[in-house]
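**Student:**
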Amino acid sequence: MSLLWMYEVLDCLNFKCFKHPCSVEHTCPVCVFNRLLELNNVGFSNQTQSSWPLSSVIGSLFCCCSEPAFMVFYGLSPGKHMKLSSTAEEVATFFAKMLDHEYTTKEVFRKNFYKDWRKEMTSEEKSKITDLNKCDFSEMSEYFKAQSEARKAMTKEDKQKIKEENERILQEYGFCIMDNHKERIANFRIEPPGLFRGRGDHPKMGMLKRRIRPEDIIVNCSKDSKHPKPPPGTKWKEVRHDNKVTWLVSWTENIQGSIKYIMLNPSSRIKGEKDWQKYETARRLKKCVERIRAQYRDDWKSKEMRIRQRAVALYFIDKLALRAGNEKEEGETADTVGCCSLRVEHLTLHQEMDGQEYVVEFDFLGKDSIRYYNKVPVEKRVFKNLQLFMEDKEPEDDLFDRLNTSILNKHLQELMDGLTAKVFRTYNASITLQQQLNEITNSEDNVPAKILSYNRANRAVAILCNHQRAPPKTFEKSMQNLQTKIDAKKEQLADAKRELKSAKADAKVRRDEKSKKIEEQLMKLEVQATDREENKQIALGTSKLNYLDPRISIAWCKKFGIPIEKIYNKTQREKFAWAIDMAEKDFQF
DNA sequence: CCCGCAACTTAGAACAGTTCAG
DNA sequence: CTGAACTGTTCTAAGTTGCGGG
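Its first residue numbered -2, the first sequence is counted upward by one per residue in our numbering.
Put into structure tokens, the structure is as follows:
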């Protein structure tokens, strides 16, 4: 495979210096560049920006503010303002912008923020500002609120202008050429500085995520393409030509020291092919999954502890669609686990529970600190093994002390080429959708009812994969509204029926049509209500996007005459273009 | 083996845009 | 026409996997 990128494309990093009508704020590369210039002391063409007040120039944040005047109160002399240096001011604004967020009340967040904020202060500021609790960010916060209100209140024309400008930026920076095809870039904007927002109980929440400078950036493009130039007076960290990888740009982030990438959009060929491969691997697993199941059931009896542990873990991964569960460095991230990293404290064994034998109660935090809670009846042999694994251990000890993801994946590789732990999640998700659709779709149903069936099948998968969401804040109210609508519609239908009865013969047909139409509307509303109620705490998006072979859904649409747009929106259709081309109505996963 | 690094997929929150009832 | 509700998009954190070097 060759990689060929055109100049214009990567030019997303080749920021230009001109006064930018900054509605896109700091995420806009142009603004970032303005800031870079300032930071690097390159000086910018004052013909374009000289009329801006100093603080508006400092920090891409303010590049369109006309009245900056940011100050932090400090409580030692109540009511007094303090003018901050530009760097300290910018970090303060990050905090101010989050003031309404729960984060800013958390001790860890405040501690980390304060520590990093101090690093940006002058020595004078350091001596004056000694306690975060005495700093009042509300004036700053009000300023940003007012800004956002002003944005909302803009005229239609102004909003249109912004839209056009965004479109222009997308056209200019959002594409590249790979293998002679113009492809959309996914995240073409450099991540702006801000305060780190970890999920769950993250020990690093509130730390300052620093601004990315040209010196941090590695550009990856083909040798013969003109690579984008760094801003004047600066250098890229590196320009390389590695066609074994798919990323266009990378940099190292300062919170965890991990690498961030700019890559192509899911609609791109390179991502689409990979996606297809993923589902093909899962379909190969389908062919040998019974053999593998027989194998691990057999291994529950193994003489060797490590093999028993491996077999029980694999059983969980298969049956419960758990993630592999890599080890994590303690204190660096939130305390979450997957299958191999389960600890004794995450399981409770019940010899008998609710009339069922050998029940395992799982309670742990998984990816993104989403709670996994499940009570599962298991086979006697699994239960006995778990008792064995938990013997003489402390709650914080590893359940599978002879196992990790590397061992497990090596074993899986021997069972099937390309098999890893995550393939089970894909396989079980897709096969569940297929089975559910086959089972519950009624060809006599109308379109909305069929879509309800589809959503129910999708929901079964989301439940399996534990894709949860907090019930929307407005849930109860919106259900009530819907019920009101349904009642009104029922009323309307009753009226229509009465009219039908009393109507003269010549009007009967017309009246009949009318009540049929109302009936249909009522039905649609009722279906909607059911769907929404069942979906209260479940997020369908993740499984739809990442776990369900799109060919299943497309074939289903074709078979039952459902327009694909009812299942996949525009973006999703772009992502699954490969499958839309491929799937016939008789496709089965 | 273990560890750290690199590259890629998967994830929910936040935000923006659209729709629809009043 | 307006604002609330809903839907779609963007953002970037948090996982998995594989590799190479000691």
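Note that CB positions come from ideal geometry on N, CA and C, so glycine has one too.
In three-state terms, what does DSSP make of M137?
**Tutor:** helix
**Student:** When we look at the beta-carbon of S145 and count the other beta-carbons within 10 Å, is it buried (16 or more) or exposed?
**Tutor:** exposed
**Student:** Which of helix, strand or coil does DSSP assign to G538?
**Tutor:** helix
**Student:** Going by beta carbon distance, what residues of the same chain come within less than 6 Å of A308, once the five residues before and after it are set aside?
**Tutor:** Y293, D296 and W297
**Student:** How would you write the range of the alpha helix (DSSP H) that P445 sits in, first residue to last?
**Tutor:** Its alpha helix (DSSP H) spans residues V444 to L461.
**Student:** From the DSSP output, in three-state form, read off D351 for me.
**Tutor:** coil
**Student:** Please report how far the alpha carbon of N401 lies from the alpha carbon of H343, in whole angstroms.
**Tutor:** So the two alpha carbons sit approximately 17 Å from each other.
**Student:** Spatial neighbours of A580 within its chain, please: C-beta separation below 6 Å, excluding the five flanking residues on both sides.
**Tutor:** So the list reads R548, I551 and A552, once near-sequence residues are dropped.
**Student:** Just the C-alpha distance for R290 and Y312, rounded to the nearest angstrom, thanks.
**Tutor:** 8 Å
**Student:** If I measure Cβ to Cβ from K372 and keep anything under 6 Å in the same chain, skipping five residues before and after, which residues do I get?
**Tutor:** Here the set comprises V356 and E358.
**Student:** The alpha helix (DSSP H) spanning Y170 covers which residue range?
**Tutor:** K153 to Y170
**Student:** Is V341 helix, strand or coil when you go by DSSP?
**Tutor:** helix
**Student:** Using DSSP's beta-bridge definition, name the partner residues of H178.
**Tutor:** M175
**Student:** Could you please give the first and the last residue of the uninterrupted alpha helix (DSSP H) stretch that includes S550?
**Tutor:** P547 to F557
**Student:** How is the alpha helix (DSSP H) around T90 delimited, first residue to last?
**Tutor:** S83 to K94
**Student:** Give me whichever residues DSSP pairs with S247 in a beta bridge.
**Tutor:** Looking at the DSSP output, S247 sits in a beta bridge with I215 and Y258.
**Student:** Near H199, which residues of its chain fall below 7 Å by C-beta distance, leaving aside the five closest residues on each side in sequence?
**Tutor:** T330 and A331
**Student:** Excluding five sequence neighbours on each side, which residues of the same chain lie with their C-beta closer than 7 Å to the C-beta of C337?
**Tutor:** A310, A321, G322, F397, L400, N401, T402 and L405
**Student:** Leaving out five residues before and five after Q590 in sequence, what residues of the same chain have Cβ atoms less than 7 Å from its Cβ?
**Tutor:** It is not possible to answer for residue 590, since the shown part of the chain is limited to -2 through 586.
**Student:** Within its chain, find whatever has a CB closer than 7 Å to the CB of A536; leave out the 5 residues flanking it on each side and keep chain order.
**Tutor:** A459, H464, Q465 and R466
**Student:** Which residue's Cα is closest to the Cα of I246: W233, T152, R529 and D155?
**Tutor:** Here the sequence assigns Val to residue 246, which means Ile is not the residue at that position. Selected option, being the one with the closest Cα: W233.
**Student:** What residue range is occupied by the uninterrupted beta strand (DSSP E) comprising V242?
**Tutor:** Per DSSP, V242 belongs to no beta strand (DSSP E) and is neither H nor E.
**Student:** With C-beta atoms as the reference, is L461 less than 8 Å away from A279?
**Tutor:** In this structure, the beta-carbon distance from L461 to A279 does not fall below 8 Å.
**Student:** Spell out a yes or no on whether the stretch 268 to 283 and the stretch 370 to 390 are touching, meaning 3 or more CB-CB pairs, one atom from each, closer than 8 Å.
**Tutor:** no
**Student:** In this structure, does DSSP put K125 in helix, strand or coil?
**Tutor:** helix
**Student:** Cβ atoms of S427 and L545: under 8 Å apart, would you say?
**Tutor:** yes
**Student:** Determine the DSSP secondary structure at C132, reduced to helix, strand or coil.
**Tutor:** In the three-state DSSP reduction, C132 falls in the strand class (E or B).
**Student:** Please identify the residue among M137, F106 and F92 whose C-alpha is closest to the C-alpha of H78.
**Tutor:** M137
**Student:** By DSSP, does K413 sit in helix, in strand, or in coil?
**Tutor:** Checking the sequence, you will find Met at residue 413 rather than Lys. M413: coil per DSSP, three-state reduction.
**Student:** Grab the span of the alpha helix (DSSP H) containing K275 for me, first residue to last.
**Tutor:** R266 to D296
**Student:** Quick one: Cα of L362 to Cα of T333, how far?
**Tutor:** 5 Å
**Student:** Using 10 angstroms around the beta-carbon of K149, count the other beta-carbons present and answer buried if the total reaches 16, otherwise exposed.
**Tutor:** exposed
**Student:** Expressed to the nearest angstrom, what Euclidean distance is found between the alpha-carbon atoms of I448 and F573?
**Tutor:** 19 Å
**Student:** What span of residues does the alpha helix (DSSP H) with K572 cover, start to end?
**Tutor:** K567 to K572 is the extent of the alpha helix (DSSP H) around K572.
**Student:** Got a sec? Which residues, its chain only, sit under 6 Å from W575 by beta carbon, not counting five neighbours each side?
**Tutor:** G269 and W273
**Student:** Using CA coordinates, which residue listed in Y100, N435, T423 and K94 is at the minimum distance from Y140?
**Tutor:** If we check each option's Cα against that of Y140, K94 comes out closest.
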